[in-house]
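Each protein sequence line maps, in turn, to chains A and B. Residue numbering for the first sequence follows my numbering, starting at 1 and increasing by one per position. Residue numbering for the second sequence follows my numbering, starting at 1 and increasing by one per position. What follows is a short report on a single structure.
Protein chains: 2
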Amino acid sequence: MSTISEVARAAGVSVATVSRALRGVSTVNPHTRDRVLAAADQLHYVASPTAASLASGRTRVVGIVTPFMTRWFFVTAMSAIEKVLREHDFHALLIDLEADDMMSRRPLTNQMLSKRVDGLITITVPLRPDELALLQRLDLPVVAIGNPLPGHPLVRIDDAAAVHTAVDHLVELGHTRIGYVGAVPPDAEHRLVPGGRLHGFRDAMSGHGLTVQERWVITCDWTAQDAARRTAPVFDTDHTPTAILAASDEMAIGVMSVAITAGLRIPQDLSVVGVDDYHLSDVVRLTTISQDVTAQGHAAAAILLHTLLGDTESPAPDLPAGLTDEQTLTLPTSLVRRATTGRLRSAAATPPSLLGSPTDR
Amino acid sequence: MSTISEVARAAGVSVATVSRALRGVSTVNPHTRDRVLAAADQLHYVASPTAASLASGRTRVVGIVTPFMTRWFFVTAMSAIEKVLREHDFHALLIDLEADDMMSRRPLTNQMLSKRVDGLITITVPLRPDELALLQRLDLPVVAIGNPLPGHPLVRIDDAAAVHTAVDHLVELGHTRIGYVGAVPPDAEHRLVPGGRLHGFRDAMSGHGLTVQERWVITCDWTAQDAARRTAPVFDTDHTPTAILAASDEMAIGVMSVAITAGLRIPQDLSVVGVDDYHLSDVVRLTTISQDVTAQGHAAAAILLHTLLGDTESPAPDLPAGLTDEQTLTLPTSLVRRATTGRLRSAAATPPSLLGSPTDR
DNA sequence: CTGTTAGCGCCTTCAG
DNA sequence: CTGAAGGCGCTAACAG
Numbered sequence: 001m002s003t004i005s006e007v008a009r010a011a012g013v014s015v016a017t018v019s020r021a022l023r024g025v026s027t028v029n030p031h032t033r034d035r036v037l038a039a040a041d042q043l044h045y046v047a048s049p050t051a052a053s054l055a056s057g058r059t060r061v062v063g064i065v066t067p068f069m070t071r072w073f074f075v076t077a078m079s080a081i082e083k084v085l086r087e088h089d090f091h092a093l094l095i096d097l098e099a100d101d102m103m104s105r106r107p108l109t110n111q112m113l114s115k116r117v118d119g120l121i122t123i124t125v126p127l128r129p130d131e132l133a134l135l136q137r138l139d140l141p142v143v144a145i146g147n148p149l150p151g152h153p154l155v156r157i158d159d160a161a162a163v164h165t166a167v168d169h170l171v172e173l174g175h176t177r178i179g180y181v182g183a184v185p186p187d188a189e190h191r192l193v194p195g196g197r198l199h200g201f202r203d204a205m206s207g208h209g210l211t212v213q214e215r216w217v218i219t220c221d222w223t224a225q226d227a228a229r230r231t232a233p234v235f236d237t238d239h240t241p242t243a244i245l246a247a248s249d250e251m252a253i254g255v256m257s258v259a260i261t262a263g264l265r266i267p268q269d270l271s272v273v274g275v276d277d278y279h280l281s282d283v284v285r286l287t288t289i290s291q292d293v294t295a296q297g298h299a300a301a302a303i304l305l306h307t308l309l310g311d312t313e314s315p316a317p318d319l320p321a322g323l324t325d326e327q328t329l330t331l332p333t334s335l336v337r338r339a340t341t342g343r344l345r346s347a348a349a350t351p352p353s354l355l356g357s358p359t360d361r
Numbered sequence: 001m002s003t004i005s006e007v008a009r010a011a012g013v014s015v016a017t018v019s020r021a022l023r024g025v026s027t028v029n030p031h032t033r034d035r036v037l038a039a040a041d042q043l044h045y046v047a048s049p050t051a052a053s054l055a056s057g058r059t060r061v062v063g064i065v066t067p068f069m070t071r072w073f074f075v076t077a078m079s080a081i082e083k084v085l086r087e088h089d090f091h092a093l094l095i096d097l098e099a100d101d102m103m104s105r106r107p108l109t110n111q112m113l114s115k116r117v118d119g120l121i122t123i124t125v126p127l128r129p130d131e132l133a134l135l136q137r138l139d140l141p142v143v144a145i146g147n148p149l150p151g152h153p154l155v156r157i158d159d160a161a162a163v164h165t166a167v168d169h170l171v172e173l174g175h176t177r178i179g180y181v182g183a184v185p186p187d188a189e190h191r192l193v194p195g196g197r198l199h200g201f202r203d204a205m206s207g208h209g210l211t212v213q214e215r216w217v218i219t220c221d222w223t224a225q226d227a228a229r230r231t232a233p234v235f236d237t238d239h240t241p242t243a244i245l246a247a248s249d250e251m252a253i254g255v256m257s258v259a260i261t262a263g264l265r266i267p268q269d270l271s272v273v274g275v276d277d278y279h280l281s282d283v284v285r286l287t288t289i290s291q292d293v294t295a296q297g298h299a300a301a302a303i304l305l306h307t308l309l310g311d312t313e314s315p316a317p318d319l320p321a322g323l324t325d326e327q328t329l330t331l332p333t334s335l336v337r338r339a340t341t342g343r344l345r346s347a348a349a350t351p352p353s354l355l356g357s358p359t360d361r
């Protein structure tokens, strides 16, 4: 690989001019600039990012911190972030905190961050005080998605409002016996979407004058499998809910599965609502509260780049509109009505869901 | 952040000794080593990766190249790769080639790679000759997953064998009218799992003396939605298949969806098999040919690290067993029989699938 | 607008 | 086993 001085020699200018011309900073005579560009091109020259970082103190790398990356929300957000970063010549470094055991996660360390990234985006990962202190010590700009981090901008949806919308929808259909799937054990809460949705559920229920049956509030690890397994006992008794709200679509699919297995028809015997608008929800015709995860990723990246590029001459992306007090951006959610919710005891009014019996039609 | 010379001063040794002690290379007197470690620890010292890279010529970063990352296969492999990398103090840089339009992808460029990564793992992305030449020029070690790259090690499953197993299973159940979902348009083939599975299907069919109905060979973009949409017309005619093999589980779920909508019962009227053992396949009780994507990611990372660390004193991971002629590692697949396949015209023999009617039981 | 000159912080010979 | 010293390739003042 050629170096900057070879390009300088080939173009008949100094290395400083090459550096300036290639980065498009300062004012370089158009003529000489073209000459530099031509020389660089011909020599396949690309500035060494590591040398540039060492000299400038900036890496043009952003770390994406996740508690685990294989779930829909996380990878969708990651992908969206990467798209924005690369448009500004930034790169994405994976910082996956997943540990072997599901109840814990690895800590964020000096080693992972120091001189390695210019900034961080956390995807739904609450940080401990010592980790926050580390970020402060490193003077790293951080933008959080989903989970607030004290002192840093946050991009999120209104979880309580989303769940309220779902409950309103069910109540409007005549349901009063409503279950909830997606509570989390206290000791695992640090790695799951916060209890905001559950609190919203309780709040919405009492707002409608309804009581929450605690044995219809199901705790699980937020996978479809576990949701199915833990929800099964609910249908083994006489007194069963007529509707279930799942805190994610994947869990909702698990609920649908176990309900069908228990001999229930959806939505005639049981209505199911999820949250997310997961990529398979359309196919299984699941009623859900949709959120735009890609938009959340875009927004978080734009906010971070704005501060990262703010004081340079690089064009920083505009701050997304709606950034409350420049700290919190709340993106909207909306009800997507499909086939898994129906009026209580009047099934004929709604078409059968995918998971319902085709012969019912 | 402190520098190496501050640590050296604190420990009363030279910077060279600090460097050696911290990296555990060469032989350093245990006493002085401990002193260095203590000093470094106390100063929160972490060697600047960029300075280290500039001086050593190595980055300890591996690029993960994907055509898009949000699909199950890709993110599962990525996650597995990252786990192995971090155990050896390597980091993962995302190189996502996804373009705006679904029919093309971005090229792999000098800019993305030069001096930025020590090696590359490609996840099911065929490279063009000019891209391969670039890798050669950069002298970058590469390991491919899924799609072969001439001259580089490959980790894969035997797609033809997987599909053969599926066809054998269906034939054994008495099916002869078998459809296939998951062909790809020729102009998009460069970004999708290769036609190996389709070829395997045709081969298996003729091996059983069966003819392939071309109008039952469905082309789609490998999403559940598109599979559902494109497969729908198949059920609008009189002559329909009694079984469908989908080249992925997500597509299989799309097929199940549209079949139910068309009034078919699974498996009584239609058997469905997928390939992957996707994380939701268990929940929807889909019969499938399973593959271990995590194992593929682990193996690819181990092979790459072996060459990256081979000539240093760092302990390189052992090469996975089964690496044929040190170039190709083929991981096994196996039939997972669940509820979506049944004997032709004798539905009572099998329990209904999740998507079948519960009242049929 | 362009050239000169110091470093950026570390690794790596080479001596000792 | 340890120290000294020269880069690695680039950026960022500072002059001109």
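We put the beta carbon where it would ideally sit given N, CA and C, even for glycine.
Min CB distance Asp300(A) to chain B below 8 angstroms | According to the sequence as given, residue 300(A) is Ala; it is not Asp. No, Ala300(A) lies away from the interface with chain B (no Cβ there is under 8 angstroms from its Cβ).
Whether Ile123(B) touches Phe74(B) by CB criterion (8 angstroms) = Note that the C-beta distance between Ile123(B) and Phe74(B) is below 8 angstroms.
Residue-level contact to chain A via CB, Arg116(B), 8 angstroms cutoff | Taking CB atoms only, Arg116(B) has a neighbour in chain A less than 8 angstroms away.
Could you name the residues of chain A that Pro49(B) contacts, counting a contact when the two beta carbons are closer than 7 angstroms?
-> Identification of chain A residues near Pro49(B) by a Cβ-Cβ cut-off of 7 angstroms yields Lys115, Arg116, ordered along the chain.
His164(A): which of Ile289(A), Gly342(A), Ala8(A) sits nearest, CA to CA?
-> Residue Ile289(A) is the option with its Cα nearest to His164(A).
In terms of DSSP beta bridges, what is Tyr180(B) paired with?
-> Beta-bridge pairing links Tyr180(B) to Val217(B), Leu245(B).
Could you tell me whether any Cβ in chain B is nearer than 8 angstroms to the Cβ of Asp96(A)?
-> The beta-carbon of Asp96(A) is placed less than 8 angstroms from the nearest beta-carbon of chain B.
Beta-carbon separation of Thr287(B) and Val336(B) under 8 angstroms?
-> Going by C-beta atoms, Thr287(B) is nearer than 8 angstroms to Val336(B).
Validate contact between the segment 239 to 256 of chain A and the segment 157 to 177 of chain A using beta carbons, cut 8 angstroms, 3 pairs | Counting C-beta pairs with one atom in each stretch, the segment 239 to 256 of chain A and the segment 157 to 177 of chain A have three or more that are closer than 8 angstroms, which means they touch.
According to the neighbour-count rule (16 or more other Cβ atoms, all chains shown, within 10 Å of its Cβ), is His91(A) buried or exposed?
-> Answer is buried; the Cβ neighbour count reaches 16.
Test: Leu210(A) CB closer than 8 angstroms to a CB of chain B | Leu210(A) does not count as touching chain B.
Cross-chain neighbours of Thr76(A) in chain B, by beta carbon under 7 angstroms = Residues of chain B passing the Cβ test: Thr70.
Ser53(A) in three-state terms, based on DSSP | Residue state for Ser53(A) is assigned as helix, using DSSP reduced to three classes.
Residues sharing a beta bridge with Gly254(A), DSSP = Residue pairing by DSSP leaves Gly254(A) without any beta bridge partner.
Answer yes or no: do Val36(A) and Leu54(A) have a C-beta to C-beta separation smaller than 8 angstroms?
-> No, the Cβ-Cβ distance between Val36(A) and Leu54(A) is not below 8 angstroms.
Pick helix, strand or coil for Ala16(B), following the three-state DSSP scheme.
-> When secondary structure is reduced to three states using DSSP, Ala16(B) falls in the helix class.
Would you please state the rounded distance, in angstroms, between the beta carbons of Pro67(A) and Glu98(A)? I believe it to be under 8 angstroms.
-> Indeed they touch by this definition, with Cβ atoms about 6 angstroms apart.
Taking a cut of 7 angstroms between CB atoms, which residues from the segment 271 to 294 of chain A lie near chain B?
-> Hits within the stretch, in order: Leu280, Asp282, Val283, Val284.
Take Arg156(A) as the anchor and find which of Val117(A), Ser281(A), Leu108(A), Gly196(A) has the nearest alpha-carbon.
-> Checked all of Val117(A), Ser281(A), Leu108(A), Gly196(A); the closest Cα to Arg156(A) is Gly196(A).
Classification of His175(A) by the beta-carbon crowding that lies within 10 angstroms, buried from 16 upward | By the C-beta density criterion, His175(A) is buried, having at least 16 other C-beta atoms within 10 angstroms.
In chain A, which residues lie with their C-beta within 7 angstroms of the C-beta of Gln42(B)?
-> Simply none; closest approach about 13 angstroms.
When the Cα of Pro241(B) is compared with those of Ser271(B), Arg128(B), Thr32(B), which residue comes out closest?
-> Comparing Cα-Cα distances from Pro241(B) to each of Ser271(B), Arg128(B), Thr32(B), the minimum goes to Ser271(B).
Nearest-angstrom Cα separation, counted from Val7(B) out to Pro30(B) = Rounded to whole angstroms, the gap between the alpha carbons of Pro30(B) and Val7(B) is 17 angstroms.
Whole runs of the beta strand (DSSP E) within the segment 84 to 118 of chain A, excluding any shorter than 3 residues | You should have 91 to 96.
Given a limit of 9 angstroms on CB to CB distance, which residues of the segment 307 to 330 of chain B reach chain A?
-> From the segment 307 to 330 of chain B, no residue has a Cβ closer than 9 angstroms to chain A.
So Val143(B) and Ala321(B) are in contact, right, with Cβ under 8 angstroms, and what is the actual spacing, rounded?
-> With a Cβ gap of about 16 angstroms, Val143(B) and Ala321(B) do not count as contacting.
Kindly indicate the opening and closing residues of the beta strand (DSSP E) around Leu264(B).
-> Counting along the chain, Leu264(B) falls outside any beta strand (DSSP E), and DSSP gives it neither H nor E.
Could you say if the segment 104 to 118 of chain B and the segment 41 to 54 of chain A meet the contact criterion of at least three C-beta pairs nearer than 8 angstroms?
-> Touching, yes, given that three or more Cβ pairs across the two stretches are closer than 8 angstroms.
Span separating the alpha-carbon of Ser273(B) from that of Ala227(B) | The amino acid occupying residue 273(B) in the given sequence is Val; Ser does not appear at that position. Spanning the two alpha carbons is a distance of roughly 13 angstroms.
Can you tell which of Leu198(A), Ala316(A), Val171(A) has the C-alpha that lies nearest to the C-alpha of Leu210(A)?
-> Closest in alpha carbon position to Leu210(A), among Leu198(A), Ala316(A), Val171(A), is Val171(A).
Bridge partners of Gly274(A), per DSSP?
-> According to DSSP, residue pairing for Gly274(A) in a beta bridge involves Thr288(A).
Can a CB atom of chain B be found closer than 8 angstroms to the CB of Gly12(A)?
-> Taking Cβ atoms only, chain B never reaches closer than 8 angstroms to Gly12(A), which makes this a no.
What's the gap between the Cα of Ala80(B) and the Cα of Val15(A)?
-> If I take the Cα positions, the gap works out to 43 angstroms.
Do Gly342(B) and Gln296(B) come within 8 angstroms of each other at the CB atom, strictly closer than that value?
-> Note that the C-beta distance between Gln296(B) and Gly342(B) is not below 8 angstroms.
Would Asn29(B) count as contacting chain A if we go by Cβ distances under 8 angstroms?
-> False, the Cβ-Cβ gap to chain A never drops below 8 angstroms.
Ignore the nearest five residues each way along the sequence and tell me which others in Ala188(B)'s own chain have a CB closer than 7 angstroms to its CB.
-> For Ala188(B), where only same-chain residues beyond five positions count, the Cβ hits under 7 angstroms are Met103.
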